[in-house]
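Engineer:
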Amino acid sequence: MPLDVEHTYRRYFPIIREKCARMLRDRAEAQDVAQETFTRLWAERDRLQDPGAIASWIYRTSTRIAIDRHRRVRREDELADEAGDHTDPGARIDATRMLARLAHRVPAAELEVAILGRVDGLSQDEIARVLGCSERTVRRLLQKLETRLSRLRESA
Amino acid sequence: MTEHPSFLQLDRATLGIEVASETRAHLASCDHCRRHLERVAEPEAPPAWARDLARPRRRPWRIWGGLALASAIAVFVVVLTRGRGAPEYTTVKSAGPSFTLHIKRGDTVFAWDAATRVQPDDQLRLEVAATGFRRIRVLAANDVPLYDAPIGDGVTLLPAAWKVDVQPGDETLTIVLSDGPPTWRTTLKLSKTTEEHPR
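As they're listed, the protein sequences go chains A and B.
Be aware that the first sequence starts at 2, since it is given in the numbering used here, and climbs by one per residue.
Be aware that the second sequence starts at 69, since it is given in the numbering used here, and climbs by one per residue.
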């Protein structure tokens, strides 16, 4: 990775910014997550060299930061969101709403694969490479998520 | 038209990484995907916070034992302890943890210099090098928990930030690092002003 922060920013920040904007409805929050992702990328610059590996790292890290933030969101926000939203939780996607609604109900690993698959459009093979796990693990996580969403639909 | 490639594929193409021939063919005919490529290819000048990353790290509280920190922040309280109930293991790991407290005031972010007074609405955020410890807890006054999570090697910018309230009185942040005994613990006292003035 270039050791020049300006070059690194120009090359990678727009990718981070767009990725975060897809995940987060609040513009300021998306900007915060993008900033944190870039800060971490800069801190890891000695370890990350290959642009392909950096792209995967950006997807993995920004997704995890976004999930972490949503899991800390106040419970009231989630309830208020639900009050005005009666869409099918398994329906295809309002990504930001999915994050907001499911962050407290779904394990982070399942949310990760859901965001990478449904929001970013990654194939199972791509998700496996980004997360450093097997495709089988990805399939298992997606199956567990579907089961969980089915239960939520039934209880709704 | 073929199905859209993933955003990762598009971003890899932006970075000049070889993409599949189907992806290239798709990009030649899909306005939607081309617009994404144009957005991520738009030059954007780095803002101040990004340029600041390249400056030499200020580590006013680099700790190689407790005394360095104590002298650096003078009036602040530093406690090194294993934690309640087992003081015989009081220690700091040899390479020593370190941290930087970032203060976000409006659009400006700066590292606390142990003298600047915090103000209401400032956002405080810790960056920690845990040096082998695996768990971090951050506590407010009276040990009210603010953050508790595993922490990895290297320097970690904690995902949590805390806003300074308008209540009078100083702010206290206590950082506790542990992986089982021994525990590393330090308490910062940040004097606060509610008057508006430059730092």
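From the three backbone atoms N, C-alpha and C, an ideal C-beta is built for every residue, glycine too.
1) What are the start and end residues of each continuous beta strand (DSSP E) run of 3 or more residues lying completely inside the stretch 164-241 of chain B, in chain order?
2) What did DSSP end up calling Leu245(B) once you bin it into helix, strand or coil?
3) Verify whether the separation of the beta carbon atoms of Met35(A) and Arg61(A) is less than 8 Å.
4) Could you list which residues in chain B have their beta carbon closer than 7 Å to that of Gly122(A), in chain order?
5) Please classify Arg11(A): does DSSP put it in a helix, a strand, or coil?
6) Residues of chain B with CB under 8 Å from Glu37(A), in chain order?
7) How long is the line joining the alpha carbons of Cys21(A) and Trp117(B), rounded to whole angstroms?
8) Expressed to the nearest angstrom, what Euclidean distance is found between the alpha-carbon atoms of Ser63(A) and Ala228(B)?
9) Rounded to the nearest angstrom, how far is the Cβ of Ala209(B) from that of Thr240(B), given a contact under 8 Å?
10) Assuming Asp211(B) and Thr242(B) are in contact, meaning their beta carbons sit under 8 Å apart, how far apart are those beta carbons, in whole angstroms?
11) Would you say Ala88(B) faces chain A, with C-beta separation under 8 Å as the test?
12) Report the rounded CA-to-CA distance for Arg253(B) versus Ala122(B), giving the unit in angstroms.
13) According to DSSP, is Leu258(B) part of a helix, a strand, or is it coil?
14) Does any C-beta atom of chain A lie closer than 8 Å to the C-beta of Ile85(B)?
15) CA-CA distance, Ala260(B) and Asp238(B)?
16) Using a cut-off of 7 Å between C-beta atoms, extract the partners of Asp79(B) located in chain A.
17) Residue range of the alpha helix (DSSP H) that Ile128(A) falls in?
18) What is the rounded straight-line gap between the Cα of Leu207(B) and the Cα of Pro213(B)?
19) Report, in whole angstroms, the separation of the C-beta atoms of Arg12(A) and Pro111(B), which I expect to be a contact under 8 Å.
20) Check the Cβ of Glu110(B) against every Cβ in chain A and list those closer than 7 Å, keeping chain order.
21) Could you give the distance in angstroms between the alpha-carbon of Leu49(A) and the alpha-carbon of Ser74(B)?
22) Apart from the five residues on each side of it in sequence, which residues of its chain come closer than 6 Å, Cβ to Cβ, to Arg103(B)?
23) Within 10 Å of its beta-carbon, does Gln144(A) have 16 or more other beta-carbons around it, so buried, or fewer, so exposed?
24) Below 9 Å on C-beta distance, what does Arg107(B) contact in chain A?
25) When DSSP builds the beta bridges, which residues end up paired with Arg253(B)?
26) Can you tell me the Cα-Cα spacing of Ala182(B) and Leu256(B), whole angstroms?
27) Looking only at its own chain, which residues have a Cβ that is under 6 Å from the Cβ of Ile68(A), when we skip the five neighbours before and after it?
28) Quick check on Gly174(B) - is its C-beta less than 8 Å from some C-beta in chain A?
29) Measure how close the beta-carbons of Leu245(B) and Arg193(B) come, nearest whole angstrom, since I'm counting them as under 8 Å.
30) Within 8 Å of any Cβ in chain A, is that where the Cβ of Arg205(B) sits?
31) Does any residue of chain A bring its CB to less than 8 Å from the CB of Ala118(B)?
Structural biologist: Taking the coordinates as given:
1) 166-173, 176-179, 191-197, 203-207, 213-218 and 223-225
2) strand
3) It should be noted that the sequence gives Ala, not Met, for residue 35(A). Not closer than 8 Å, so no.
4) His72, Ser74 and Phe75
5) helix
6) Leu225 and Pro227
7) 18 Å
8) 15 Å
9) 4 Å
10) 7 Å
11) no
12) 29 Å
13) strand
14) yes
15) According to the sequence displayed, residue 260(B) carries Lys and not Ala. In a straight line, the C-alpha of Lys260(B) is about 5 Å away from that of Asp238(B).
16) Ile16 and Ala56
17) Gln125 to Leu132
18) 4 Å
19) About 10 Å; that fails the 8 Å criterion.
20) Pro15
21) 22 Å
22) none
23) exposed
24) Pro15, Arg18 and Glu19
25) Val244(B)
26) 9 Å
27) Ala109 and Leu112
28) no
29) About 17 Å separates the two Cβ atoms, so there is no contact after all.
30) no
31) yes
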